[in-house]
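Step one of this worksheet: look at the structure below.
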Amino acid sequence: MSVLLTADKDSGVAVVTLDRPDRLNAIDLGMRDELVEVWRELRFDDSVRAVVLTGAGERAFCTGLDRAAVVPQPNSPYMTDDPLLRVGPKANDLWKPVVAAVCGMACGGAFYLLGESEFVVADPTAVFFDPHTTYGMVSAYESVLMAQRMPFGEVARMMLMGTAERIGARRAHEIGLVCEVTEPGGALAAAVACATVIAGYPAEGVQGTVRALWSAKEASVAQGFAQAPPLISLGNLPPDRQAELFAGRRSGRFRVR
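Its first residue numbered 644, the sequence shown is counted upward by one per residue in the working numbering.
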């Protein structure tokens with residue numbers, strides 16, 4: 644199992660942990676399927692009233708799609724199969740509040756998960772970036788989701804600068820991507836504390852509020868997602884060229900702001 648689920652029946656809080664620390668919690672197709680099952684299981688568990696999402700280890704919350712994953716694609720640019728499109732809680736109709744606790748790197752496909760969380764609590768080590776453009780790929784779904792959480796210029800800079808820059812926890816807090824930066828090692832405990840408070844309120848009112856919040860931005864997300872498949876098909880370099888760029892990357896050559 645690459646996704647761990649623990650639930651405290653007394654507090655009503657479940658903790659979902661991405662558990663592939665040796666791969667920086669990158670999502671392979673098996674982990675994707677496990678996440679879908681976890682979200683659907685939590686829909687039917689009335690004892691769980693709030694959820695915390697985190698990653699195992701100290702190096703990364705999640706680094707997106709595992710590059711070793713093989714995803715067959717149709718030839719049509721209008722039917723691109725995005726393997727992470729259904730990986731988040733809202734995509735699986737879970738309308739219980741989800742609080743993300745981020746330690747270390749959160750990049751690329753991690754934004755599918757952060758984009759469908761209610762709010763983000765970060766360790767001081769947290770850094771956020773999107774490598775797509777660096778490796779010849781279009782950042783489409785990730786950009787649409789992050790445009791709902793950050794000022795346009797900040798989203799544009801993060802997506803276009805690729806691996807040259809990372810947004811540190813402090814800056815992420817200043818621009819609204821993160822709502823709290825904790826003491827070192829304290830992100831998970833702080834997220835659980837928030838979730839415990841929320842879980843203590845009547846579930847109907849909480850879930851209705853979550854649904855109302857998301858209804859405010861569903862139209863723009865749907866429109867953005869509708870444009871994504873052809874943009875990705877037209878803009879992505881061939882897989883072998885992407886792999887070449889990835890293999891030639893230089894570690895440690897980035898700015899944290």
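Ideal placement from N, C-alpha and C gives every residue a C-beta, glycine not left out.
None of these values were measured; they are calculated from a predicted model.
Residue i - DSSP class collapsed to helix/strand/coil
i: S705; result: Residue 705 is actually Cys in this sequence, not Ser. Three-state DSSP puts C705 in a strand.
i: G779; result: coil
i: V853; result: helix
i: V770; result: strand
i: F762; result: strand
i: V787; result: helix
i: S684; result: It should be noted that the sequence gives Glu, not Ser, for residue 684. Helix, per DSSP.
i: L821; result: In the sequence as displayed, the identity of residue 821 is Val instead of Leu. In the structure shown, V821 sits in coil (DSSP, three-state: anything other than H, G, I, E or B).
i: Y721; result: coil
i: L757; result: helix
i: P664; result: helix
i: D676; result: helix
i: E826; result: coil
i: R729; result: coil
i: D883; result: helix
i: S690; result: coil
Extent of the continuous alpha helix (DSSP H) to which residue i belongs
i: V713; result: Unbroken run through V713: none, as it is neither H nor E.
i: G895; result: Premise fails: G895 is in no alpha helix (DSSP H) and is neither H nor E.
i: L874; result: E861 to G878
i: M801; result: F795 to M804
i: L831; result: A830 to A842
Residue burial classification, residue i (beta-carbon count within 10 angstroms, cutoff 16)
i: A929; result: Past the boundaries of the shown model lies residue 929; the chain is included only from 644 to 900, so the question cannot be answered.
i: R675; result: buried
i: R663; result: buried
i: T835; result: Position check: residue 835 holds Val in this sequence, whereas Thr was assumed. V835 should be labelled buried.
i: S760; result: buried
i: L667; result: buried
i: D622; result: Lying outside 644 to 900, the shown extent of the chain, residue 622 is not represented and no answer is given.
i: G758; result: buried
i: K652; result: exposed
Endpoints, the beta strand (DSSP E) within which residue i is located
i: M748; result: M748 to C750
i: D651; result: V646 to D651
i: G811; result: E808 to G811
For residue i, the residue or residues it bridges with in DSSP
i: V658; result: T649 and V695
i: I670; result: L708
i: V607; result: Outside the shown range of the chain (644 to 900) lies residue 607, about which nothing can therefore be said.
Determine, using beta-carbon pairs with one atom in the region 708-720 and one in the region 862-870, whether at least three such pairs fall under 8 Å.
Remark: fewer than three beta-carbon pairs, one from each stretch, lie closer than 8 Å, so the region 708-720 and the region 862-870 are not flagged as touching.
Contact between the region 801-819 and the region 840-849 (3+ Cβ pairs under 8 Å): The region 840-849 and the region 801-819 do not touch, with fewer than three beta-carbon pairs separated by less than 8 Å.
Stretch pair the region 802-811 + the region 754-773: three plus CB contacts closer than 8 Å:
Verdict: yes, contact present.
TODO: Mind the definition here: the region 736-747 touches the region 785-804 only if three or more C-beta pairs lie below 8 Å; say whether that holds.
DONE: With fewer than three CB-CB distances shorter than 8 Å, the region 736-747 does not count as touching the region 785-804.
Evaluate the contact criterion for the region 697-708 versus the region 852-866: three or more CB pairs, one atom per stretch, below 8 Å. Counting Cβ pairs under 8 Å, fewer than three are found: no touch.
Exercise. Touch check for the region 673-689 and the region 818-830: three-plus C-beta pairs under 8 Å?
Worked result: The region 818-830 and the region 673-689 do not touch, with fewer than three beta-carbon pairs separated by less than 8 Å.
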